[in-house]
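Numbering-wise, the sequence shown is residues 20 to 161 according to the numbering used here.
Ideal Cβ placement from N, Cα and C applies to all residues, glycine included.
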Amino acid sequence: MGDLVAVWEIALGAGVHKVEFEHGTISGKRVIRVDGKEVFRRDWMFKLVGYETFEIGKAKCVIYIEAASGFYYAYGLEVNGKSYKKFTENQSKIMRTWYCAVQEKQFRVVLEKDTLDVWVNGQKMDTIDEFVDDGTEMHFEI
């Protein structure tokens, strides 16, 4: 992991995923890891700039490698066609996340506002929706 050049965290309904990118600036080697698991490797490339694609669940991701000044490179991440910055801004608008403890166990509960899906520790939950006087209640079991 001596060539690690970029790390991103991507929050999806199913969980927060850590993306690591290695780029050998001499060999052109490219390695992508998601949550510590290698999902892409290319060992020898003559072209040091370009892009690599991969998926996290249904999310389509692209890492861009661009030449900067001298022998430096700039790296960018795109998720579902949006820049990393735009994607994270959008996710913070459409997802509501809570962390709670029940019987000394930690849970990450996510409500996707656009689909009304509820996720608990990365698992999509079945919900019972009920209309009440001041809105809607969603019931599910942890």
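Cβ-Cβ distance between residue i and residue j below 8 Å
i: glycine 69; j: alanine 33; result: no
i: lysine 132; j: methionine 114; result: yes
i: histidine 26; j: valine 35; result: Here the sequence assigns valine to residue 26, which means histidine is not the residue at that position. Result no, Cβ atoms of valine 26 and valine 35 do not sit closer than 8 Å.
i: glutamate 74; j: tyrosine 83; result: no
i: tyrosine 94; j: valine 151; result: no
Range of the contiguous beta strand (DSSP E) that encloses residue i
i: tyrosine 94; result: 92-98
i: isoleucine 113; result: No beta strand (DSSP E) holds isoleucine 113; the alpha helix (DSSP H) holding it covers 103-113.
i: tryptophan 138; result: 136-139
i: threonine 44; result: That residue, threonine 44, is in no beta strand (DSSP E); it is neither H nor E in DSSP.
i: isoleucine 147; result: 147-151
i: glutamate 160; result: Note, glutamate 160: premise wrong, no beta strand (DSSP E); not H, not E.
Interface flag, residue i vs chain B, CB-CB below 8 Å
i: glutamate 131; result: The chain inventory of the structure shown lacks chain B, comprising one protein chain alone.
Buried versus exposed call for residue i [16 or more other C-beta atoms within 10 Å across all chains shown]
i: phenylalanine 65; result: exposed
i: histidine 42; result: buried
Per DSSP, cross-strand counterpart(s) of residue i
i: phenylalanine 126; result: Cys119
i: valine 26; result: Glu39
i: valine 81; result: Thr72 and Glu97
**OP:** Check whether the stretch 95-109 touches the stretch 128-148, counting contact only when three or more Cβ pairs, one atom from each stretch, lie closer than 8 Å.
**Re:** no
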